[in-house]
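Chemist:
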Amino acid sequence: MAVVIGLTGGIGSGKTTVANLFGEYGIDLIDADVIAREVVAIGSVGLARIVEKFGASILLADGNLDRSQLRAAIFSDPQLKNWLNQLLHPLIRAKMLADIDRATSPYCLLIVPLMVENNLQTLTDRLLVVDVDQQTQIMRTQQRDNVSLEQIKNILSAQATRQQRLDAADDIICNNGDNQALLTQVAQLHQHYLALAQAAK
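Residue 95 in our numbering sits at position 67 of the sequence shown, with consecutive numbering throughout.
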């Protein structure tokens, strides 16, 4: 089985950019956000259970889940949010583990935004944190998502603190700087992880 490197970071830290750089080396990427969409895709058990609970009005015209309607429903009702988490978290976890088992690269990257918050680093051999200062996080998120400062601050307060993530990290990529610095850090860690994978055989 491949060595599992967990990849996490706060909103706007550049997780996707970093993951894609590792992907360019042929490393298998297992992305919790992608899996979260797969477990509620048309024909899935997850979607069937959500329709049972909320009714067919929770679907878009094409049969896909109306995510914004679901978000609005659980936002105002903690019990519904809890129900949804209890449904989806085991499905997501099972799919992550199945994808890890299928990984063919020497190591794989398990990308989970709320890794530390949900203690999912227990599924990994090492935890890599993409770190940026808060000002950069806010600026990037505003540019990318076109959301208000208040919304970003709400998201930040719901996530682990920067220090909590750093305390949990085995490896850290600093993403405040330019792309060249990022490429160098990824290249060095790639070599490091290949050596770990070799030693684990």
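Yeah, the Cβ is synthetic: ideal placement off N, Cα and C, and Gly gets one too.
Do Leu75 and the ligand NAP come close, with the Cβ less than 8 angstroms from some heavy atom?
Modeler: In terms of ligand content, the structure shown is empty, and the ligand NAP therefore cannot be addressed.
Chemist: Ends of the beta strand (DSSP E) at Tyr135?
Modeler: In the sequence shown, counting from the first residue as 1, residue 135 sits at position 107. Here the beta strand (DSSP E) through Tyr135 covers 135-139.
Chemist: As a quick exercise: from Glu66, Thr152, Leu98, Arg130, pick the residue whose alpha carbon is nearest that of Ile233.
Modeler: Lying outside 29 to 229, the shown extent of the chain, residue 233 is not represented and no answer is given.
Chemist: For Pro118, count neighbouring Cβ atoms within 10 angstroms of its own Cβ and tell me buried if that reaches 16, exposed if not.
Modeler: To locate residue 118, count along the sequence shown from 1; it is residue 90. Counting Cβ neighbours within 10 Å, Pro118 comes out exposed, since fewer than 16 surround it.
Chemist: Determine the contact status of Ile8 and Thr152, defining contact as a CB-CB distance below 9 angstroms.
Modeler: The shown model of the chain, from 29 to 229, leaves out residue 8, and the question about it has no answer.
Chemist: What alpha helix (DSSP H) runs, 4 residues minimum, are completely inside the stretch 48-97?
Modeler: 60-66, 73-82
Chemist: So Leu35 is in the beta strand (DSSP E); what residue range does that whole segment cover?
Modeler: Position 7 of the sequence shown, counted from the start, is the residue given in the question as residue 35. For Leu35, the uninterrupted beta strand (DSSP E) segment begins and ends at 31-36.
Chemist: Give me, in chain order, the residues of the same chain whose beta-carbon lies closer than 8 angstroms to that of His220; leave out the 5 immediate sequence neighbours on both sides.
Modeler: Within the sequence shown, residue 220 is the residue found at index 192, counting from 1. Once the five neighbours on either side are set aside, the close Cβ partners of His220 are Asp199.
Chemist: Going by other Cβ atoms of all chains shown within 10 Å of its Cβ, with 16 needed for buried, is Ala197 buried or exposed?
Modeler: Here residue 197 corresponds to residue number 169 of the sequence shown, with the count starting at 1. The residue is buried, with at least 16 neighbouring Cβ atoms inside 10 Å.
Chemist: What is the rounded straight-line gap between the Cα of Gly83 and the Cα of Ile120?
Modeler: For the purposes of this step, residue 83 is taken as the residue at position 55 of the sequence shown. For the purposes of this step, residue 120 is taken as the residue at position 92 of the sequence shown. Between Gly83 and Ile120, the C-alpha separation is close to 22 angstroms.
Chemist: Can you tell me where the alpha helix (DSSP H) with Leu224 in it begins and where it stops?
Modeler: As a first step, residue 224 is located in the sequence shown; it is residue number 196 there, counting from the start. That run of the alpha helix (DSSP H) goes 207-228.
Chemist: Which residue comes first and which comes last in the alpha helix (DSSP H) that contains Ile183?
Modeler: By one-based count along the sequence shown, residue 183 stands at place 155. Taken as a continuous stretch (DSSP letters only), the alpha helix (DSSP H) holding Ile183 covers 177-186.
Chemist: In or out: Asn203 buried (at least 16 other Cβ within 10 Å) or exposed?
Modeler: Here residue 203 refers to the residue found at position 175 of the sequence shown. Buried, since its Cβ has 16 or more Cβ neighbours within 10 Å.
Chemist: Measuring CA to CA, which of Cys136, Ser41, Asp129, Asn92 is closest to Glu52?
Modeler: In the sequence shown, the residue the question calls residue 52 occupies position 24. The candidate whose alpha carbon is nearest that of Glu52 is Cys136.
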